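Contents: one structure, followed by commentary.
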Amino acid sequence: MATFRRQVTTLALAHALSAAERGLAVLPLSRTKLPALRSPHRADPVRPPCHGECGRPGHGVHDASTDPARIRELFAAAPWATGYGIACGLPPHHLVGVDLDTKPGTDAPAALRALGLRFRFAVPETVVVLTPSGGRHLWLTAPPDTVVPNSASRVAPGIDIRGAGGYLVGPGSRTAHGVYVTAPGTARLRPAPCPRNLLRLLVPPPRPPRRTTRPSPGDGRGLLHFVLTAHEGQRNTRLFWAACRAHESGLGPALTVPLLEAALATGLPEPEARATIASAARVAGRES
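Residue numbers 54 to 341, in our numbering, belong to the letters of the sequence shown in order.
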């Protein structure tokens, strides 16, 4: 049994080194398809999170490398590894994996064909990896300036996307459920560019910029809250804005002391706070 395990690990290493020769960054995986090496920070958490800057292995996809010596080191540190992962989103290929899963009640290949008809794209001939469960991974590439995020069933039910920060199980890997193999006739291919219309579906639209809600003067409580919730670096600016609105609404004299107290509560020095309130009064007076 031990001999068989060593043979499986040796074979996984050979496949990983072969993938690295094609410019694909790899890392060892266990039979569960998870990174074989545990984080070295489990008992000693670090902040901010370490992505391998410490130089030790065990940082998941951040361990992935195309350097044969480094890959051998990683597998030597994980003699129980039975497969390897291929990091997505990295140069030179900027790999994107389209995982057509086999889940009850879903037909991922049909869903992808339906997307193609609706959004007018055809999946090109490319590398296809068959999974032990009957699914398939399509290997595509993205432009260098495009970041494709990971997602699960966001594009369509049963279609998972492996992008930046994710990885694909490499062909030749053995897991608890079987072996991943390249589909016949596709091993000789290079990953094809992702069709433009499909790429648009994989990259979510940018979020609109958040608007900062400005309080209305009212009885002054909103303005005081606006000042009290200021963080360092925005205290003076918020105080000036609130004082100007107070004067514009006729509450300037009544709010001078409360605004000063609110500014002091945020840690703004009293001379600076008094000067800001006085400056706001002068500006409001000129504009009135």
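Glycine included, each C-beta is placed from N, C-alpha and C at the ideal position.
In this text the structure is predicted, and so the values were computed from the model without any measurement.
Residue i - partner residues in DSSP beta bridges
i: P197; result: Its beta-bridge partners do not exist; DSSP assigns none.
i: W192; result: G150
i: A233; result: The sequence given here has Tyr at residue 233, not Ala. DSSP, once it has assigned bridges, lists no residue as partnering Y233.
i: A209; result: I212
i: P246; result: T194
i: R227; result: V232
i: A296; result: Paired residue(s): none; A296 is not in a bridge.
i: T139; result: The residue asked about is misnamed: residue 139 is Ile in this sequence, not Thr. Answer is V79, L221.
Spatially closest choice to residue i from the options, by CA coordinates
i: A78; options: R335, A122, A130; result: A122
i: P26; options: A163, G275, T179; result: The requested residue 26 does not occur in the structure, where the chain is confined to residues 54 to 341.
i: T184; options: G223, E74, V176; result: G223
i: A167; options: A209, T199, S186, N203; result: A209
i: A131; options: A161, I139, L87; result: L87
i: A117; options: L313, L312, L317, G219; result: G219
i: H68; options: Q60, Y137, A318, R207; result: Y137
i: L193; options: P162, R207, I214; result: I214
i: L191; options: G105, P246, P311; result: P246
i: V114; options: E74, N203, T159; result: N203
i: V200; options: D160, T235, P258; result: P258
i: A307; options: W294, V336, P322, L277; result: L277
i: A205; options: P81, P311, L255, F293; result: L255
i: T235; options: G216, R189, S83; result: R189
i: A217; options: V232, P197, Y233, R207; result: P197
i: N250; options: G142, A175, S71; result: A175
i: R241; options: G142, S71, T135; result: S71
i: T135; options: S92, T85, A164; result: T85
i: A164; options: R207, G142, G150; result: R207
Length of the line joining the Cα atoms of residue i and residue j
i: R125; j: D154; result: 31 Å
i: L64; j: G225; result: 8 Å
i: L288; j: G303; result: The amino acid at residue 288 is misidentified as Leu; the sequence shows Arg. If I take the Cα positions, the gap works out to 22 Å.
i: A315; j: C103; result: 39 Å
i: G187; j: P157; result: 12 Å
i: R173; j: R274; result: 55 Å
i: P324; j: L252; result: 56 Å
i: G76; j: T119; result: 6 Å
i: P98; j: T309; result: Caution applies to P98, whose pLDDT of 46 falls short of 50 and renders its modelled position unreliable; the model cannot decide the point.
i: P144; j: D160; result: 32 Å
i: T228; j: A89; result: 12 Å
i: P322; j: L82; result: 56 Å
i: Q60; j: R91; result: 22 Å
i: P93; j: H300; result: 58 Å
i: S341; j: G142; result: Annotation note: pLDDT 48 at S341 (below 50); position unreliable, coordinate value reported separately. Their Cα atoms are separated by approximately 57 Å.
Buried/exposed call for residue i, threshold 16 Cβ in 10 Å
i: C107; result: exposed
i: L170; result: exposed
i: F128; result: buried
i: A328; result: exposed
i: H230; result: exposed
i: R298; result: buried
i: W133; result: exposed
i: G18; result: Because the chain here runs from 54 to 341, residue 18 falls outside it and cannot be looked at.
i: P343; result: Because the chain is modelled from 54 through 341, residue 343 falls outside the range shown and cannot be assessed.
i: G286; result: exposed
Residues near residue i by beta carbon distance below 7 Å, same chain, minus five either side
i: R291; result: F279, V280, A283
i: P244; result: H146, L148, T179, V180, W192, L193, T194
i: P162; result: L153
i: A73; result: V79, T119, P121, I124
Residues near residue i by beta carbon distance below 6 Å, same chain, minus five either side
i: T239; result: V180, V181
i: A140; result: A78, V114, A117, Y220
i: P177; result: A245
i: F57; result: none
i: T319; result: A283, R288
i: A296; result: L312, I330, A333
Chain C contact for residue i (CB, 8 Å cutoff)
i: A205; result: Of the chains in the structure shown, none is chain C; there is only one protein chain.
Nonlocal neighbours in the same chain, by C-beta distance under 8 Å from residue i, ignoring five residues either side
i: G105; result: H112, H115, D116
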